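Shown next, in structure tokens, is the structure this report addresses.
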Amino acid sequence: MQDQVGFILRKAHQRHVSIFASHIGDLTPPQFAALAKLYDIGETSQNQLGTLIAMDAATVKGVIDRLKARGLVEVSKHEVDKRRLL
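Each position in the sequence shown, counted from 1, maps to that position plus 305 in my numbering.
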């Protein structure tokens, strides 16, 4: 079993997650992905952010809400389309 590609990939993934978690502190990987992408591109809509980091709308909203609660991001309404959050 230890020679199986799936087993080796799972072990590598577990190790990667462990190393990653030790470097990003108390952020979850999705929170880190959102912050890193926002750092790269600046202000964007939550829908666009979700597309860029391969996250569905409901998930990205929850991630942004938690980052906002921690004071790590700001959310504002689009000047023209008030339904759209930036």
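Heads up, the beta-carbon is just placed ideally off N, CA and C, and yes, glycines get one too.
On a predicted model such as this, the values are computed, not experimentally measured, just so you know.
Thinking just about the alpha-carbon of each residue, which of 307, 383, 377 is nearest to the one in residue 341?
Sequence index remark: in the sequence shown, residue 341 carries index 36 (1-based). Cα-wise, what sits closest to residue 341 is 377.
Figure out for me which residue from 346, 347, 335 has the closest Cα to the Cα of residue 370.
For the purposes of this step, residue 370 is taken as residue 65 along the sequence shown, with counting starting at 1. Closest by alpha carbon: 335.
If contacts are defined as beta-carbon pairs under 8 Å, then residue 358 and residue 338 qualify, I think. What distance do you get, rounded to the angstrom?
In the sequence shown, the residue the question calls residue 358 occupies position 53. In the sequence shown, the residue the question calls residue 338 occupies position 33. With 8 Å as the limit, residue 358 and residue 338 qualify as a contact, their Cβ atoms being about 5 Å apart.
Among 384, 307, 379, which one has its Cα closest to the Cα of residue 344?
Sequence index remark: in the sequence shown, residue 344 carries index 39 (1-based). Nearest C-alpha to residue 344: 379.
Note the first and the last residue of the continuous alpha helix (DSSP H) segment covering residue 370.
Counting from 1 along the sequence shown, the entry for residue 370 is found at position 65. 362-374 is the span of the alpha helix (DSSP H), which, as asked, contains residue 370.
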